[in-house]
Amino acid sequence: MGRLDGKVAAVTGGASGIGEATVRRFVAEGASVAFCDRDGERGQRVAAELETAGAEVAFTQADVGTEAACLAFVNSVAQKFGRLDIIINNAGIPAPSNDRLAAFIPGASTTY
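Position one of the sequence shown corresponds to residue 18 (this note's numbering), numbered consecutively onward.
Okay, here's the thing in structure tokens:
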């Protein structure tokens with residue numbers, strides 16, 4: 018029995034990196050997980066792999082840099098699972114190495 022049995026989690030930026038690791042850990046702990054990412058192909062691949070292993074997951078391709086996309090994602094979680102217990106706002110935009118300050122505002126808008 019996992020520590021998150023019966024819980025529903027949502028993770029933004031869940032198709033790679035820290036977001037993917039978070040999705041996988043939550044599944045391993047027993048949670049049902051909805052996740053979104055801009056990379057639809059990779060997100061579908063991760064979801065298919067987890068579903069094949071018996072996990073209850075839902076992937077949505079979305080760019081959470083817009084309020085409309087955020088609302089649509091949360092609404093899709095509510096429709097599929099009926100509730101939301103945990104949300105991890107992981108999505109971010111990496112800064113170009115030559116101008117980190119110029120990339121801060123769009124990155125912060127996506128993350129926060």
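Positions of the beta carbon are idealized from the N, C-alpha and C atoms, including for glycine.
Measure the C-alpha to C-alpha separation of residue i and residue j and round it to an integer number of angstroms.
| i | j | result |
| --- | --- | --- |
| G99 | E73 | 13 Å |
| A95 | R59 | 23 Å |
| A75 | A27 | 9 Å |
| V63 | E84 | 25 Å |
| L21 | D102 | 10 Å |
| A79 | C87 | 8 Å |
| R41 | D54 | 15 Å |
| K97 | G23 | 14 Å |
| A92 | G34 | With the sequence shown as reference, residue 92 is identified as Asn, and Ala is not the correct amino acid for it. Cα to Cα, N92 sits roughly 25 Å from G34. |
| F43 | Q61 | 17 Å |
For residue i, which option in the options has the closest C-alpha, if you only look at C-alpha atoms?
| i | options | result |
| --- | --- | --- |
| G19 | A38, N106, A45, G60 | A45 |
| T77 | A51, V40, V25 | A51 |
| V107 | K24, T29, V25 | Here the sequence assigns Asn to residue 107, which means Val is not the residue at that position. Of the listed residues, the one whose Cα sits closest to N107 is T29. |
| G109 | N92, L67, G82 | G82 |
| Q71 | S93, G34, A48 | As written in the sequence, residue 71 is Gly, which differs from the Gln given in the question. Measuring from the Cα of G71, the nearest candidate turns out to be A48. |
Measure the CB-CB distance between residue i and residue j and report whether it falls below 9 Å.
| i | j | result |
| --- | --- | --- |
| A32 | D56 | yes |
| I104 | T39 | no |
Buried or exposed for residue i, please, with buried defined as at least 16 other CB atoms from any protein chain shown within 10 angstroms of its CB.
| i | result |
| --- | --- |
| T69 | exposed |
| E37 | buried |
| A65 | exposed |
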